[in-house]
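So the structure is just underneath, and the comments pick up after that.
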Amino acid sequence: MSSSPSGIGELLDRAPVIPVIVIKDSSVAVPLAAALVAGGLTVLEVTLRTSCALDAIERIAQEVPGAIVGAGTVLNPDDVRLSVKAGAQFLVSPGSTPRLLDSMLDSGAAPLPAAATASEVIGLMERGLDHGKFFPAKPAGGTAYLKGLSGPMPEFRFCPTGGIDLAGAPEFLALPNVACVGGSWITPDDAVAAGDWARIESLAREAAGLSRP
Numbered sequence: 002m003s004s005s006p007s008g009i010g011e012l013l014d015r016a017p018v019i020p021v022i023v024i025k026d027s028s029v030a031v032p033l034a035a036a037l038v039a040g041g042l043t044v045l046e047v048t049l050r051t052s053c054a055l056d057a058i059e060r061i062a063q064e065v066p067g068a069i070v071g072a073g074t075v076l077n078p079d080d081v082r083l084s085v086k087a088g089a090q091f092l093v094s095p096g097s098t099p100r101l102l103d104s105m106l107d108s109g110a111a112p113l114p115a116a117a118t119a120s121e122v123i124g125l126m127e128r129g130l131d132h133g134k135f136f137p138a139k140p141a142g143g144t145a146y147l148k149g150l151s152g153p154m155p156e157f158r159f160c161p162t163g164g165i166d167l168a169g170a171p172e173f174l175a176l177p178n179v180a181c182v183g184g185s186w187i188t189p190d191d192a193v194a195a196g197d198w199a200r201i202e203s204l205a206r207e208a209a210g211l212s213r214p
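Throughout the sequence shown, residue numbering follows this note's numbering, covering 2 to 214 in sequence.
In structure tokens form, the structure reads like this:
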């Protein structure tokens with residue numbers, strides 16, 4: 002298990018995939034999260050890309066047993082504060098600045114800031130982190146880039162997110178410096194709009210069954 006602040010490594014080790022969820026109507030938050038948990042994915046990232054995201058996080062935190070809900074697309078200290086207030090247990094950012102990192106590390110929630118270069122990874126390591134998001138995974142270099150980073154920094158582990166689907170996930174998960182992947186394919190818009198929770202649960206179960214070394 003990880004020595005990262007607030008146990009982010011333990012969260013990332015729970016399943017091979019973290020669903021990256023964009024919720025457009027908070028009324029679907031609870032049944033959607035319940036379906037994901039039933040399918041074996043308990044660590045859920047709700048992105049702060051919609052006006053109802055914080056309400057959705059609060060509902061999931063309060064009403065879905067077994068769910069560990071976090072906030073994604075965290076961009077500033079206000080996002081950090083409001084996310085933690087809503088019940089977010091971990092925080093995911095698409096990048097990092099000293100100000101944002103300070104806020105994340107002081108929040109009490111598990112931090113998962115992103116890094117896409119060797120210098121950014123070193124910067125996170127200097128702050129005591131040994132896990133980070135690799136974003137955007139495919140455009141930033143994919144598995145070849147992560148293999149390159151593993152040589153000089155083998156102890157740093159990633160959650161690659163961005164452009165990854167069910168077919169591409171195993172290639173990332175096979176790398177020793179990848180803890181898990183993030184993906185939105187598990188919650189397709191048409192299934193969410195239709196309230197097809199059985200399909201969501203099936204997609205979650207399929208993702209939860211992906212193997213890691």
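Even glycine gets a Cβ: it sits at the ideal position worked out from N, Cα and C.
Residue pairing of Thr162 in beta bridges, as defined by DSSP: Gly183. Counted as a single uninterrupted DSSP element, the beta strand (DSSP E) harbouring Thr48 occupies residues 44–48.
Collapsing the DSSP output to three states places Pro171 in a helix. Ile22 is bridged by DSSP to Val47. DSSP places Leu113 in the uninterrupted beta strand (DSSP E) bounded by 111–113. Cβ atoms of Ala89 and Ala110 come within 8 Å of each other, at about 6 Å.
In the DSSP assignment, Lys134 falls within the unbroken beta strand (DSSP E) covering 132–135. Of the candidates Ile19, Gly142, Pro99, Gly10, Pro99 places its Cα closest to the Cα of Glu127. Ranked by Cα distance from Val21, the options Gly149, Ser212, Cys181 are led by Cys181. The beta-bridge partner set that DSSP reports for Ile58 is empty.
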